[in-house]
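In UniProt numbering, the protein residues as written are 1 to 79.
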Amino acid sequence: MDESKESRSIEEERSMSDELNDDDAKRTRKRRRAMAASVTLGAALGAAFGAAVHNIGLGVAIGVSVGVAIGVAREARRR
């Protein structure tokens with residue numbers, strides 16, 4: 001009897017651990033998507049700015065930098 005109870009409790013711990021890992025993976029994917037969206041939006045806006053000043057490369061570089069900064073700030077605010 002004790003062995004079956006012990007094996008059940010081990011299985012329950014494993015399933016709880018798997019659920020926690022799934023939640024962590026979901027949060028990580030969500031964070032990565034948010035960061036990618038910030039960088040992409042920054043690059044697009046930077047390209048528009050770059051086109052206005054006749055230097056698209058500089059605009060994209062500035063936009064990506066701003067997008068990363070916004071993504072990092074959003075992540076820091078969530079914690």
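Glycine residues also receive a C-beta, built at the ideal position from the N, C-alpha and C atoms.
Mapping the DSSP letters down to three states, classify Val64 as helix, strand or coil.
Helix.
Quick one: residues in its chain with C-beta nearer than 6 Å to the C-beta of Gly71, no 5 flanking neighbours on either side, listed in chain order?
Result list for Gly71: Met35 and Ser38, in chain order.
If we ignore side chains and look at the alpha-carbon of each, how far apart do Arg27 and Ala73 end up?
Going from the Cα of Arg27 to the Cα of Ala73 covers about 17 Å.
Select from Arg29, Val66, Arg31 and Arg33 the residue whose C-alpha is nearest the C-alpha of Gly46.
Closest by alpha carbon: Val66.
Leaving out five residues on either side along the sequence, give the residues of the same chain with a beta carbon under 8 Å from the beta carbon of Arg79.
Cβ within range, chain order: n/a, list empty.
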